[in-house]
Each structure stands twice: as C-alpha cells, then as structure tokens.
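One structure is given below, encoded as structure tokens.
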Amino acid sequence: MIDWRSIQQRLPYPRELHSIKMAWYHSLNPKWQRGRWTVEETNTLHRLVQQVGINDWQHVSTLLGTRSPRQCLEKYRHQIAFTQKGRFTPKETAELLAAVNTYGAKDFLHIQQVMSSTRTPRQLSKYYRYALDPAFDRSTWTMEEKRDVYRLTLKFNRDMLKVREHMNSKRRISDMWNHFNVYERTKATACVDAGDQRGKIPQSIKKETNHDTETEQGIKTLPETVK
Numbered sequence: 001m002i003d004w005r006s007i008q009q010r011l012p013y014p015r016e017l018h019s020i021k022m023a024w025y026h027s028l029n030p031k032w033q034r035g036r037w038t039v040e041e042t043n044t045l046h047r048l049v050q051q052v053g054i055n056d057w058q059h060v061s062t063l064l065g066t067r068s069p070r071q072c073l074e075k076y077r078h079q080i081a082f083t084q085k086g087r088f089t090p091k092e093t094a095e096l097l098a099a100v101n102t103y104g105a106k107d108f109l110h111i112q113q114v115m116s117s118t119r120t121p122r123q124l125s126k127y128y129r130y131a132l133d134p135a136f137d138r139s140t141w142t143m144e145e146k147r148d149v150y151r152l153t154l155k156f157n158r159d160m161l162k163v164r165e166h167m168n169s170k171r172r173i174s175d176m177w178n179h180f181n182v183y184e185r186t187k188a189t190a191c192v193d194a195g196d197q198r199g200k201i202p203q204s205i206k207k208e209t210n211h212d213t214e215t216e217q218g219i220k221t222l223p224e225t226v227k
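Heads up, the final residue of the sequence shown is numbered 227 in full-length UniProt numbering, and it's a clean run with no missing numbers.
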C-alpha cells in the first residue's frame, strides 16, 4: 500500500495528491515500458483499438499490458489514427465555423468529435485561429502599416503589445513581428547598398586618374635628350 500522504509531505514542492498519483501512474511506474514502441506493441494496440474503440484507454492499456493509458492514447492519436492533411475543404470550413459558433473556440477535441473529423484537434485549432478567427485582421498590409510598426516598435522598446494598442490594430502579434523583422532587414540591406555606392570611384574620375598615371609613366620613359 503506497502512503501517498507521506510522499506528498516529503516532496520539495507542494503538490496535490491527485497530481502525485497521476505522475507515478503515467510516468514513473516501472510497470510501463518506455522509449520506442516495438512493432508487436504497435500492431497489438491497433488491433485492440479496433476491438475496444477509442473511449476506454484504461481497458486498452490493461489488455496491452506494457503501456499506460496515456501512452496508448498518444501513440494512437499521433502515429496510428488516420489524419487528413492538405487544404481544408469549403465543407470542412463551414462545419468548423458552425461548431465554434456553438461550442466556442477552446475545446477542439470536442469540436473534432462533433464534426466526426479526420483532422486532429491541433489542426482544427490552428486553422481556425490563423485563417478564420474574426478577431484578427488578415488583410494585405499597407506600406504605411509596415512603417508604423517599425517606427513604433523602436519607440516602445520592442513592446509589440503597446504597438498594437497604439495603432488600434487587430493584427496578430506574430504577424507584426514578422513584418517588423522583414522591414528591418530591408532597411539594413538598403544602407549597405548605399554605403557601397558612396565608396565607389566614379568612372570619369577613374579614367582621369589612369590617364594621369599613364602620362607620368610616359614622361619617365622619355629619352634623356627630350627632357
């Protein structure tokens, strides 16, 4: 019998009993194998999921015998289950928008189940947040916007939240940083190019210099009687 209360008291940092038990059961228990799954384990997991389904990972784990319920779930979800890739279809987009409108934009696992989607919750979440979320402006950037982001980022000591607030912008912070960095590199390149141009000797001056040099050399080669 494990004395969880005693373990809790001896830990260097306060932890809830539930968290301690879960850490032991899913991560530390020597009963479970760790590292790469064997081919036999993977094939057995696939067969068990077909028999038991994807709603009772405790039972799947018990039948498998070598991996915890969490290990089984993550192995199946990320490496075995069919995951659709590529562009979202108009039908998928409409269903996703409808689901978010009904259930909110927090639990994309639930949204995936409601949609019966072959996309992962992460795919659905990223697509909604970066392509559909009306809270953000995804229109084409104007040159004035790019200049303002660059100027204000320097003014506010690279505090992009202040920049967005000052601009009253609905752009994503990540997009603002991307455009700032591109604008900064463009300015740096322009300065280098301008410096190169300033450092070059005009062709007319080059020709005059070469002519004078050739003349001086020619004088030096004149016979003594001519001098």
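For every residue, glycine included, the Cβ atom is placed at its ideal position computed from N, Cα and C.
Closest to S169 by C-alpha separation, out of Y25, E145, A23 and A81, would be which residue?
The shortest Cα separation from S169 among Y25, E145, A23 and A81 belongs to E145.
For the candidate residues F136, P12 and T142, whose alpha-carbon lies nearest to that of R171?
Cα-wise, what sits closest to R171 is F136.
In whole angstroms, what is the alpha-carbon distance linking T118 and E74?
It is roughly 16 Å from the alpha-carbon of T118 to the alpha-carbon of E74.
For the alpha helix (DSSP H) containing Q51, name the first residue and the last one.
First-last of the alpha helix (DSSP H) with Q51: V39 to V52.
With a threshold of 8 Å on Cβ separation, who are the neighbours of V177 within its own chain once the five nearest residues in sequence on each side are excluded?
Correcting the residue identity first, residue 177 is Trp in this sequence and not Val. If we look at W177 and ignore the five residues flanking it on each side, its Cβ neighbours are M160.
Tell me the rounded alpha-carbon separation between W24 and L17.
Rounded to whole angstroms, W24 to L17 spans 11 Å at the Cα level.
Just confirm the distance between the C-beta atoms of V182 and V163, as a whole number of angstroms; I'd bet it's less than 8 Å.
Not really, about 15 Å apart at Cβ, beyond 8 Å.
Assuming Y76 and I54 form a contact by the criterion Cβ under 8 Å, report the distance between their Cβ atoms to the nearest whole angstrom.
Going by Cβ atoms, the distance from Y76 to I54 rounds to 7 Å, so yes, they are a contact pair.
Residues near M115 in its chain [Cβ-Cβ closer than 6 Å; skip 5 each side]
Around M115: E95 and A99.
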